[in-house]
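The next block holds one structure in the form of structure tokens; read it before the comments.
Residue numbers (UniProt numbering): 1 to 280.
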């Protein structure tokens, strides 16, 4: 897909040129039909994220092209079934372990699958400078996401309502973008560097699996590192000069960076056992 073949120079009067073009088109169509869904996803990602630059969003037509590939993907396309051990419920008070299946990563994009047992949680985190596609392959998942309120700064002195104690919190105001349950089959969701719910949290209502595509991927040297947050109700903190209408308070929250990795997050890696991805 997306591979152009140079044609030899021909005389203007040479009619077979049209025939050759049609033949190549038919060959490309046959190749696409034979391609596995995960290979098609890889090929499309490679084209859509060819720039691989932070904060650069692909054109709308490329966004739709990639989304259309993800929208029709099924668990069996990546070798998943509910019988796999990743999806078994955790007994007792043990934090449910989330399994990550690594499909592919380059400096342009990454592809991977998060397998969550019931009650598994991926805490609130960000995706700086990235465009992210998330496709729920099966199960029911609650997604809560936020966008920053751009005209309110962070690192603000706040008053805690419960004790009226003035403390300094490294917080920033955000607005809820999504707060809903999603059940497969459903279309892929998309978030962008500056909107669409760049900070989000996944909670497994049932055992579920989500296929994530990030372009570009996380990279500490390039300033794209993952930050986790606590979300505090808007009414819990009073900040001078910051107000929202009463009816909108429930849709706003203060996000506070976590200084250490969340204690309620347990992620392990496992080999990807689905159809192979071929780099050609």
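Idealized CB from N, CA, C, for every residue including glycine. Small disclaimer: the values here were computed from a predicted structure and weren't measured.
**Item:** Contact belief for residue 212 with residue 114 at Cβ below 8 Å, rounded distance in angstroms
**Value:** Right, their Cβ atoms sit about 7 Å apart.
**Item:** Identified DSSP bridge partners for residue 105
**Value:** The partner list for residue 105 (beta bridge, DSSP) reads 110.
**Request:** With DSSP as the reference, label residue 87 as helix, strand or coil.
**Result:** helix
**Request:** Note down the Cα distance separating residue 117 from residue 143, rounded to an integer number of angstroms.
**Result:** 15 Å
**Request:** Return the bridge partner residues of residue 256 from the DSSP annotation.
**Result:** 171 and 230
**Request:** Compute the Euclidean distance between the alpha carbons of residue 85 and residue 255, then round it to the nearest angstrom.
**Result:** 34 Å
**Item:** Three CB pairs or more closer than 8 Å across the stretch 213 to 221 and the stretch 229 to 248
**Value:** no
**Request:** Drop a sphere of 10 angstroms on the beta-carbon of residue 74, count the other beta-carbons inside from all chains shown, and report buried for 16 or more, exposed for fewer.
**Result:** Residue environment for residue 74: exposed (fewer than 16 other C-beta atoms within 10 angstroms of its C-beta).
**Message:** Taking the beta carbon of residue 276 as the centre, do at least 16 other beta carbons fall within 10 Å, making it buried, or is it exposed?
**Reply:** exposed
**Message:** Going by DSSP, what residue range makes up the beta strand (DSSP E) through residue 63?
**Reply:** Per DSSP, residue 63 belongs to no beta strand (DSSP E); it is in the alpha helix (DSSP H), 60 to 71.
**residue 224 CB to nearest heavy atom of the ligand HEM below 8 Å** = Judged by which ligands are present, the structure shown has none, so any question about the ligand HEM falls away.
**Request:** Measure the C-alpha to C-alpha separation of residue 264 and residue 202 and round it to an integer number of angstroms.
**Result:** 13 Å
**Request:** Give the DSSP-derived three-state secondary structure of residue 27 in the structure shown.
**Result:** Note that residue 27 has pLDDT 49, beneath the 50 cutoff, so the model's placement of it is unreliable and the number below is only indicative. Helix.
**Request:** Express the C-alpha separation of residue 138 and residue 83 in angstroms, rounding to a whole number.
**Result:** 12 Å
**Item:** Sequence-distant residues of the same chain with beta carbon closer than 6 Å to residue 57, five excluded per side
**Value:** 131 and 192
**Request:** Would you decide whether residue 299 is buried or exposed? Buried here means 16 or more other CB atoms lie within 10 Å of its CB.
**Result:** The question about residue 299 has no answer, for the chain in this structure spans 1 to 280.
**Prompt:** What is the rounded straight-line gap between the Cα of residue 272 and the Cα of residue 60?
**Reply:** 31 Å
**Request:** Could you please give the first and the last residue of the uninterrupted alpha helix (DSSP H) stretch that includes residue 45?
**Result:** 37 to 48
**Asked** Can you tell me whether residue 215 is buried or exposed, with buried defined as 16 or more other CB within 10 angstroms of its CB?
**Response** Per the 10 Å Cβ criterion, buried.
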